[in-house]
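For reference, the structure is listed below as structure tokens.
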Amino acid sequence: MNDQEGNNPERPDGEVNKPEGEVAKVKRGLQALAGGWRKCDTTGMPVCLDSQFFIRVNAVFAVIFLLIGGLAAILLALTRWEAFNLLRTDMFYRVLTLHGLNMLIFWILFFEVAILYFTSTTLLNAKLFSRKVGWVSLVLMVVGAVMVNWVIFAGQADVLKTSYLPLLAHPAFYLGIILVAVGTLVAVFNFFATLYTAKRDRTYEGSIPLVTFGAMAAAIIAVVTLLHGAVVMIPTFSYSMGWTGEPDPLWYRLIWWGLGHQSQQVNVAAMVAVWYMIATLSTGAKPINETVCRGAFVLYILFINVASAHHLLVEPGMSSSWKIWNTGYVMYLAVLASMVHGFTVPASVEVAMRSKGHAAGIFGWLKALPWRNPAFSAALLSLIIFGFIGGITGVTLGTQQINIIAHNTLRIPGHFHATVVGGTTLAFMGVAYYVVPLFFRRDFVWRRLARIQPWIFAAGITLMSFGMSFAGSMGVARRTSDIAPAEEAYGAVVHFFLAMVGIGGVLAVLGLLLFVGLVVATVLFGPSNVGRPMKCWGTAVDLGSKGAVRKGKGGSHYTPGTVVLVGIFLTAFVVYYFANWRALADVWPVR
Amino acid sequence: MSLESPKEDWFEPPHGAEKIWIGIALAWCLVMFLMMPYWHLFGQQNTSGETFRVSPRDFEERVDEFVEANQVGELNGVPVVEPPPGGDAFLLGRMWEWYPVLKLRAGETYRIHLSALDLQHGFSLQPLNMNFRAIPGYDYVLTMTPQEPGEYTIVCNEFCGVGHHLMVGKLIVE
Ligand code: HEM
Ligand SMILES: [Cu+2]
Chain A
1 MNDQEGNNPE RPDGEVNKPE GEVAKVKRGL QALAGGWRKC DTTGMPVCLD
51 SQFFIRVNAV FAVIFLLIGG LAAILLALTR WEAFNLLRTD MFYRVLTLHG
101 LNMLIFWILF FEVAILYFTS TTLLNAKLFS RKVGWVSLVL MVVGAVMVNW
151 VIFAGQADVL KTSYLPLLAH PAFYLGIILV AVGTLVAVFN FFATLYTAKR
201 DRTYEGSIPL VTFGAMAAAI IAVVTLLHGA VVMIPTFSYS MGWTGEPDPL
251 WYRLIWWGLG HQSQQVNVAA MVAVWYMIAT LSTGAKPINE TVCRGAFVLY
301 ILFINVASAH HLLVEPGMSS SWKIWNTGYV MYLAVLASMV HGFTVPASVE
351 VAMRSKGHAA GIFGWLKALP WRNPAFSAAL LSLIIFGFIG GITGVTLGTQ
401 QINIIAHNTL RIPGHFHATV VGGTTLAFMG VAYYVVPLFF RRDFVWRRLA
451 RIQPWIFAAG ITLMSFGMSF AGSMGVARRT SDIAPAEEAY GAVVHFFLAM
501 VGIGGVLAVL GLLLFVGLVV ATVLFGPSNV GRPMKCWGTA VDLGSKGAVR
551 KGKGGSHYTP GTVVLVGIFL TAFVVYYFAN WRALADVWPV R
Chain B
1 MSLESPKEDW FEPPHGAEKI WIGIALAWCL VMFLMMPYWH LFGQQNTSGE
51 TFRVSPRDFE ERVDEFVEAN QVGELNGVPV VEPPPGGDAF LLGRMWEWYP
101 VLKLRAGETY RIHLSALDLQ HGFSLQPLNM NFRAIPGYDY VLTMTPQEPG
151 EYTIVCNEFC GVGHHLMVGK LIVE
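Protein chains in written order, with my numbering: chain A, 1 to 591; chain B, 1 to 174.
So this is what it looks like as structure tokens:
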């Protein structure tokens, strides 16, 4: 392997460590923080201690919920794998509810709040706006999450994460979700207030960094999302208490998906911000064009707001033109944004690698990437799984008419386990390989295992996602404990694909448990790195003058490798998309 | 780099490969957008926009009338009903059955009224894999033309309580 390792400080890029810059920065940091801060032993950046506290606590809770969700996942995978069909039917839906909420809501939201605190303080040399507000948010979120888990375990909320009316759960279920949502809004407020005070006190010069900008995009979408949550959950809570009448089930679905889908856009924006961050930390990449990267984040903010529509494609009540407009115009400009990031992230890495002297041929730079750095592998795998599997399937399944041959089949979980699990969750795992050493100040234990962890998780999720997608294409329904009563209709091959779901699922959970084990063991027993830089995971080597000779060609926009990669991507996309129209043309005419 | 403030004048138009990719991606998004209205006008499989509000009880009554008028047999205790070709047919999802069994003729077009009585259910016609939602309070009219004769299965693919996986119905095409 070609990368540097050992006790060298993490030196992502020359610029961070420019001596004058550092002095000035620390000085500014000192003034801004006036106590309550420390200097990061690795990067020299000032770390606000309040912020550090909340980053730690939110990350710890995130991992706890990830573990609960992961234990549930293994039971689900072993139930859908027909050879085991492990859970009794009522338990399956209880565990599915548990899994959906702990994973999609609690793990993701707690981790995102940690990311918001990090990007608004350390990256801006700023102090967290308010410790009290941080506490309010934390308490609301934790109480809410505990309430929800408690009613689920008590068997009072077997309604799945969508809780579609007229299904009704115990009021504590809705109240818990409302508390988590409000707590998250409070954290988002703390984030914006921190951005404001940092700007006012001039803790940084010029514009905010790209990663903070991405987090800000996520936070803006989160506000709109959580307001939808309030609009739908408050009347439902009130109905469950018997105070008001039953909300209309179709209205419920429309607004619920304003929450459910947009929150996925929050996850995408946060994930992309993490890709940029890890690309910088591990290869020294800088955005080739800040305008393009930021513009793509702005597209997310502007165009995702009505994406609720693509969950309502095969239901009564909405006209075709409404469906086409909202999925097409509004969603595809957000798709455009993802396709832009899918180019700019690898391109920035390629430019960085070439300028370090790894310039041979089209793909020569790939060999020299820091493959032994688990954060890097996680980000890379996240980008591939999100783009090639999650993105392509998502856009296709969300096409108005194609949805007829996909709605509520296993194709849907096949798709979103590639976006929010293979994409977002894996990217968040990657960033944890830096968060733990930098904020808990302990170096990772079992570093060899850490290096393979992202690969195990990615392999498992990919296998499971393929299994689900193929079984779903043959008609197998999602959210079903046992397909035996209907299996003759599906054909015999589905047994094979469901076994694939089981095997992939078990592998993915092993990857997840390994991650949790590594993080917990490190936080508890890892060697302290206080007073010295974190132990480096490996960064891309600079060949210096030896490579400099070869730098010249095409300047900083020469990215042939990335061009080939996006070409392959687009080809796969076009083929899959039209294959689905082809399949649709074979079913009965309907209008 | 992405963790630091960019240089003052960071605004610049895209160049080179990046610019071309943005153009291609935009063009592809437009193609995908246009495919939907195109299929709406020229394709055979489109989701219906025809919906009526109906109370679940009223819908159930209509289904019963429909069954009474058109029943031709029984399958596993569920009435088999043959609607007039080209006419209206009713299908009700409830915990945990699809009611009744429809008997249709290949090549004829039917207006199938789909709704749910108690909870939301998912109409999933197998092995064709055509999926629509049944929501209480809404009469969803699917204008369908069955093709190959045979016995089809209707699976419920929206969670509707512990008996959900048992909610399997039949549809016959002659
Ligand atoms: C670690 C490995 C994981 C495995 C093996 C796994 C497995 C599964 C399985 C088997 C289902 C049931 C599919 C069905 O029958 O409909 C499911 C549902 C789901 N999973 Fe996962 N999952 C994993 C991780 C995650 C993560 C990290 C997230 C979110 C961040 C997530 C979000 C969901 C959601 C939202 C559902 C749907 C719940 C519902 O239908 O209400 N999963 N998962
Ligand atoms: Cu059902």
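Glycine included, each C-beta is placed from N, C-alpha and C at the ideal position.
- Note that the C-beta distance between residue 516/A and residue 278/A is not below 8 angstroms.
- Taken through DSSP and simplified to helix, strand or coil, residue 90/A comes out as helix.
- Counting along the chain, residue 273/A sits inside the alpha helix (DSSP H) bounded by residues 262 to 283.
- Under DSSP, residue 151/B shares a beta bridge with 172/B.
- Bridge pairing for residue 131/B: 124/B [DSSP].
- Taking CB atoms only, residue 432/A has no neighbour in chain B less than 8 angstroms away.
- If you draw a straight line from the Cα of residue 131/A to the Cα of residue 520/A, it comes to about 25 angstroms.
- No Cβ of chain A is located within less than 8 angstroms of the beta carbon of residue 110/B.
- By the beta-carbon neighbour count (other beta carbons within 10 angstroms, threshold 16), residue 351/A is buried.
- Residue pairing by DSSP places residue 115/B opposite 92/B in a beta bridge.
- Counted as a single uninterrupted DSSP element, the beta strand (DSSP E) harbouring residue 73/B occupies residues 71 to 75.
- Excluding sequence positions up to five before and after residue 54/B, its CB lies within less than 6 angstroms of the CB of 139, all in the same chain and listed in chain order.
- Looking at the DSSP output, residue 53/B shares a beta bridge with 138/B.
- Closer than 8 angstroms at the C-beta level to chain A, one finds these residues of the stretch 36 to 56 of chain B: 36, 37, 39, 40, 43, 44, 45, 46, 47, 48, 49, 51.
- Residue burial annotation: residue 202/A is exposed, with fewer than 16 other C-beta atoms found within 10 angstroms of its C-beta.
- The beta carbon of residue 347/A sits closer than 8 angstroms to some beta carbon of chain B.
- Judged by their CB atoms, residue 145/B and residue 170/B are not nearer to each other than the 8 angstroms cut-off.
- Under the three-state reduction of DSSP, residue 590/A is assigned to strand.
- Counting only runs of 4 or more residues that sit fully inside the stretch 108 to 194 of chain A, the alpha helix (DSSP H) segments are 108 to 121, 131 to 153, in chain order.
- At a beta-carbon threshold of 9 angstroms, the residues of chain A lying near residue 144/B are 588, 589, 590, 591, ordered along the chain.
- Cα atoms of residue 347/A and residue 415/A: separation of roughly 26 angstroms, rounded to the nearest angstrom.
- A distance of 8 angstroms or more separates the beta carbons of residue 268/A and residue 3/B.
- For residue 315/A, the nearest CB of chain B lies under 8 angstroms from its own CB, placing it at the interface with that chain.
- Checking the DSSP bridge columns, you'll see residue 318/A has no partner listed.
- Looking at the DSSP output, residue 241/A sits in no beta bridge, so it has no partner there.
- Residue side-chain check: residue 167/B places its Cβ nearer than 7 angstroms to a non-hydrogen atom of ligand 2.
- Close partners of residue 485/A in chain B (Cβ separation under 9 angstroms): 155, 165, 166, 167, 168.
- In the structure shown, the three-state DSSP call for residue 534/A is coil.
- Take residue 208/A, set aside five residues on each side of it, and no residue of its chain has a beta-carbon closer than 6 angstroms to its own.
- The beta carbon of residue 209/A falls within 8 angstroms of a beta carbon belonging to chain B, placing the residue at that interface.
- Exposed is the label assigned to residue 58/B, since fewer than 16 other Cβ atoms lie within 10 Å of its Cβ.
- Against chain B, the beta carbon of residue 206/A has neighbours under 7 angstroms at 5, 6, 8, listed in chain order.
- When DSSP reads this structure, residue 45/B sits in a beta bridge with 590/A.
- In the three-state DSSP reduction, residue 560/A falls in the helix class (H, G or I).
- For residue 301/A, same chain residues with a beta-carbon under 7 angstroms away, outside a window of 5 residues either side, are 217, 220, 221 in chain order.
- Around the beta carbon of residue 7/B, fewer than 16 other beta carbons lie within 10 angstroms, which makes this residue exposed.
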